[in-house]
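The opening residue of the sequence shown carries number 0 in the working numbering; numbering runs sequentially from there. To keep things clear, I will list the structure first and then write my remarks on it.
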Amino acid sequence: MDILTLELLDVTVFQALLELRGLLADHPGEPMRIRGEDDLLRLNVTGFLEKQGRTVRQTRQGAQWELQVAQAARSVPLISPIAPARPPVLLLRAAFAPGDRALGRRLLLETLSQLEPGTPWLCLAHQAVELLEDPGAVAILEALRGRGIPVKVSTTSLSHGGLADSGFEQVPDADWQKLLARGGVTVL
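So this is what it looks like as structure tokens:
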């Protein structure tokens, strides 16, 4: 049986991670080898694979390196630093800034109304909870919820702002903070 081989020559780190992500999705858990020359690329690919729970062994011949990726004991779900097609959205402000606040609020609300169905959720945190005091903003948030996009509110932000129950789901901050820390959300 031939082992999957990925040659990473003359590609950027982003391109390499996209190719690797596609290979892992098409052949989950299978052993593979990855070859290249750029050491920064090797470090990024190795780190990505290790985050996926894959065992990696490195060898080097001159300027070229080879990563031998062992077969996974079980199929590991792909958690990628590359954002999914429709990542969740984290809103941290009540208006785009800097600049005119009224214009920033208008543009932000127009942007929110453009969120596509299939967006996993929208979470309001930090200064964004101020939107809950604006009837026009609340109407847009309710319309999003009506289109199947859950609207969530940071428990800590709601409490800190002294706001009463918002009518939207309150979530523990650790849930969105973990995603934010690994680049898994779109931040507005």
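The beta-carbon is built from N, C-alpha and C at its ideal position, and this holds for glycine as well. These figures come from a predicted structure and were not determined experimentally.
Is DSSP giving residue i helix, strand or coil here?
i      : result
Ile148 : coil
Leu114 : coil
Thr154 : helix
Glu6   : strand
Glu168 : strand
Val12  : helix
Rank the options by C-alpha distance to the C-alpha of residue i and give the top, closest one.
i      : options                          : result
Asp37  : Ala180, Ala142, Trp175 and Gly61 : Gly61
Asp172 : Leu89, Pro134 and Arg104         : Leu89
Thr58  : Leu7, Arg34 and Leu16            : Arg34
Arg104 : Ala93, Glu168, Leu111 and Gln169 : Ala93
Compute the Euclidean distance between the alpha carbons of residue i and residue j, then round it to the nearest angstrom.
i      : j      : result
Gln63  : His125 : 48 Å
Leu66  : Pro119 : 35 Å
Val44  : Gln14  : 11 Å
Gly117 : Gly98  : 31 Å
Arg85  : Leu22  : 20 Å
Leu121 : Ser156 : 15 Å
Val10  : Leu187 : 30 Å
According to DSSP, residue i sits in a beta bridge with which residue or residues?
i      : result
Val186 : Leu89
The ligand SAH heavy atoms versus the CB of residue i: any closer than 8 Å?
i      : result
Ile148 : Of the ligands one can find in the structure shown there are none, so the ligand SAH has no counterpart to examine.
For the region 33-70, which segments carrying the beta strand (DSSP E) assignment without a break, of at least 3 residues, lie completely within its bounds, in sequence order? If we require 3 residues or more, the beta strand (DSSP E) runs fully inside the region 33-70 come out as 55-60 and 63-68.
Starting from the N-terminal side, write out each stretch of the alpha helix (DSSP H) that is 4 residues or longer and does not extend beyond the region 86-143. 100-112
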